[in-house]
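Novice: Below is one structure. I have some questions about it.
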Amino acid sequence: MQSDELSNRNRDVTINIRAHQAQRDLIDRAAEALGKNRSDFMLESACREAQTVLLDRRLFILDDDKFQQFLQLLDTPSSNNENLTKLLKRKAPWD
42 MQSDELSNRN RDVTINIRAH QAQRDLIDRA AEALGKNRSD FMLESACREA
92 QTVLLDRRLF ILDDDKFQQF LQLLDTPSSN NENLTKLLKR KAPWD
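Below is the structure:
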């Protein structure tokens, strides 16, 4: 779901965190610099970081030899893997 879609809907859950005074002050200064309130700034920052973490699990870089090995493994028929089937049927966290 896109962040625009999320921001246009009413928020229906509460997230509570404890922080040091210096951390809150830093967050407040950054939020103010962007013309946002603390809640909007924290939620947008946390969601952006969450998407980055999840997307980083999908991208990997291989040299030519490793890439050829990877392609060979992809071309090799696999045995029935129930856990993989469940995973592939699951909705992606960012959808």
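Numbered per the numbering used here, the sequence shown spans residues 42 to 136. Just so you know, even glycine gets a beta-carbon here, dropped at the ideal spot from N, CA and C. Note that this is a predicted model, so its numbers are computed, not measured.
Beta-carbon within less than 6 Å of MET42's beta-carbon, same chain only, minus the 5 sequence neighbours each way: which residues are those?
Specialist: Here MET42 scores only 45 on pLDDT, less than 50, and its place in the model should not be relied on; the value that follows carries that caveat. So no residue of the chain qualifies.
Novice: Is LYS107 helix, strand or coil when you go by DSSP?
Specialist: helix
Novice: State the CB to CB distance for the pair ARG79 and ASP66, rounded to an integer number of angstroms; the pair is presumed to be in contact (CB under 8 Å).
Specialist: Wrong, their Cβ atoms sit about 10 Å apart, outside the cutoff.
Novice: In whole angstroms, give me the CA-to-CA distance for ASN51 and GLU73.
Specialist: 23 Å
Novice: Once DSSP output is grouped into helix, strand and coil, what is the label at LYS127?
Specialist: It is helical.
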